[in-house]
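The opening residue of the sequence shown carries number 1 in UniProt numbering; numbering runs sequentially from there. Glycine residues also receive a C-beta, built at the ideal position from the N, C-alpha and C atoms. Just so it is clear, the structure is predicted and the values come from calculations on it, not from any experiment. Presented below is the structure to which this report refers.
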Amino acid sequence: MIDGTGGGLIVFDYVADMQIRLDRPVTHPAQVGGSGREEDHARGAEKDAAVREHRQLTFDVLVDGLETGQPVLLLHGFPQTARCWDLVTPALAAAGLRTIAPDQRGYSPGARPADVAAYATVHLVDDAVALLDALGAADAHVVGHDWGALVAWKLAAQHPDRVRSLTALSVPHPAAFAWARQNDPDQARRSAYIDLFRAEGGRAEQTLLADDASRLRGVFRALPKELAEPHVRAMTEPGALTAALNWYRAADIDTQPVDPVRVPTTYVWSTADQALGPVGAQRCAEHVTGPYRYVELRGVSHWIPEEEPDAVVEAVLAHARG
């Protein structure tokens, strides 16, 4: 186990599930206005302190491979956990790499802030950096799927010194995806579900969990039941689905444009993905200035890590050995 509290770090030499406690924000910084008078500054300082509350969040992390291996940070998407990488990590570990797969903010039971704003991508990116720090990793090969890919793109753009390479699955560079949503009717249709997911008041939760979570199970219809059910069970735990949906609800908080990525990048898109169409995939290259490789998987659905784990492994190893 690794205990990241109090600045201490204890590392044992065996592979195990880990819990890592990090001092992380649970509320979002707000801009404080005022007239410029001294009393306004005092009130502003009080308000700023309140919205910058930090608390220790506990992240569940699956770690495999030699501690001396090149780190590979694997970031899952919605509505999954780190178990989505179960068919990927053994081959990476066998190749001498060290895989680090966290249940991210909202997905780890010990890391579920109540404030929607705490799920802004700025915090998700900083969680990834803090996790690397806690594990003593100066940098890592970063792999992300779905929402995890969006976090990975931003991590690579904002902290290129921490990212040896980027392998993004399904979701293209955020600028390419935003352009497609705004200009491509096909992508707009594919993304219509986002309005439901962003609705507050529990409507999305009720819809997805009704009739023994039949709509939630339907999201995974392309996967065998034995691969889908662990994620369904995780999302039906109290508070889990709301926390996961808060990623969507906080999406408009961090609206700064994402810079082009200059680290070595592989983007993998699958032709049978119901959520992500070809237009965004085709524009992705415009937002990468470093070495870039595009991989298209014919007839594969959205769930690339489970359906084509060998393709994911090959992409990561190409970077690690390059």
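Measure how close the beta-carbons of residue i and residue j come, nearest whole angstrom, since I'm counting them as under 8 angstroms.
i, j, result
"ALA140", "VAL163", "7 angstroms"
"TRP153", "HIS173", "5 angstroms"
"ALA188", "THR266", "Not quite, the Cβ-Cβ distance comes to about 27 angstroms (not below 8 angstroms), so this is no contact."
"ALA244", "MET235", "7 angstroms"
"GLU296", "THR271", "7 angstroms"
"ALA222", "SER301", "4 angstroms"
"LEU276", "VAL143", "So it is not a contact: roughly 17 angstroms between Cβ atoms."
"ILE304", "HIS76", "Rounded, the Cβ-Cβ distance is 12 angstroms, inconsistent with contact."
"residue 358", "ALA175", "Nothing can be reported for residue 358: it is not among the residues displayed for the chain, which extend from 1 to 322."
"TYR248", "ARG198", "5 angstroms"
"TYR292", "ALA281", "Not confirmed; about 13 angstroms, so no contact."
Roughly how many angstroms lie between the CA atoms of residue i and residue j, to the nearest whole one?
i, j, result
"GLN56", "LEU22", "5 angstroms"
"ALA157", "GLY218", "34 angstroms"
"VAL88", "VAL268", "15 angstroms"
"VAL72", "PHE78", "20 angstroms"
"THR81", "LEU241", "12 angstroms"
"MET1", "ASP127", "Summary for MET1: the model assigns pLDDT 30, below 50, so the residue's position carries little reliability; its value from the coordinates is reported in the next sentence. Cα-Cα distance, rounded: 18 angstroms."
"CYS84", "ASN183", "32 angstroms"
"TRP147", "THR121", "10 angstroms"
"ASP86", "SER165", "21 angstroms"
"ARG321", "PRO90", "17 angstroms"
"THR5", "ILE20", "Low per-residue confidence applies at THR5: pLDDT is 30, beneath 50, and the placement is therefore not dependable, though the value from the model is reported in the following sentence. So the alpha carbons of these two residues sit roughly 8 angstroms apart."
"VAL258", "ALA149", "13 angstroms"
"ARG181", "THR68", "42 angstroms"
"THR289", "GLN206", "43 angstroms"
"GLN274", "ASP186", "10 angstroms"
"LEU97", "ASP211", "42 angstroms"
"THR255", "LEU209", "30 angstroms"
"GLU226", "ALA134", "33 angstroms"
"VAL125", "ARG283", "23 angstroms"
"GLY106", "GLY239", "9 angstroms"
"ALA65", "GLY202", "Checking the sequence, you will find Gly at residue 65 rather than Ala. Roughly 40 angstroms separates the two Cα atoms."
"ALA94", "LEU74", "16 angstroms"
"ASP48", "ALA118", "Note that ASP48 scores 33 on pLDDT, short of 50, meaning its location in the model is unreliable; the coordinates nonetheless yield the value given after this. Roughly 15 angstroms separates the two Cα atoms."
"PRO278", "LEU132", "33 angstroms"
"PHE220", "PRO230", "11 angstroms"
"ILE319", "ASN246", "Per the sequence presented here, residue 319 reads as His, with Ile not at that position. Each residue's Cα considered, the two are about 33 angstroms apart."
With a threshold of 16 other CB atoms inside 10 Å of the CB of residue i, please say whether the residue is buried or exposed.
i, result
"GLY299", "exposed"
"THR99", "buried"
"LEU169", "buried"
"ASP252", "exposed"
"GLU200", "exposed"
"ARG43", "For ARG43, the predicted structure reports a pLDDT of 35, less than 50, and the residue's modelled location is therefore unreliable. A value from the coordinates is still provided. Exposed, since its Cβ has fewer than 16 Cβ neighbours within 10 Å."
"ASP237", "Reading off the sequence, residue 237 comes out as Glu, not Asp. Under this definition GLU237 is an exposed residue."
"GLU38", "Residue placement at GLU38 cannot be trusted, given a pLDDT of 38 that sits under 50; the coordinates are not used to answer."
"GLY136", "exposed"
"ASP310", "exposed"
"ASP103", "buried"
"PRO264", "buried"
Between the beta-carbon of residue i and the beta-carbon of residue j, is there less than 8 angstroms?
i, j, result
"LEU62", "ALA101", "yes"
"PRO113", "VAL26", "yes"
"PHE59", "SER108", "yes"
"VAL261", "LEU92", "no"
"VAL151", "ALA250", "no"
"VAL232", "ALA204", "no"
Practice problem: Ignoring anything shorter than 4 residues or poking outside the segment 120-178, list the alpha helix (DSSP H) runs there in chain order. | Solution: 121-134 and 147-158
Quiz prompt | alpha helix (DSSP H) segments (min. 4 residues) lying fully within the segment 169-242 | solution = 174-183, 185-190, 193-198, 203-219 and 225-235
Self-check item: Unbroken stretches of the beta strand (DSSP E), 3 residues or longer, contained in the segment 239-287
Solution: 265-270
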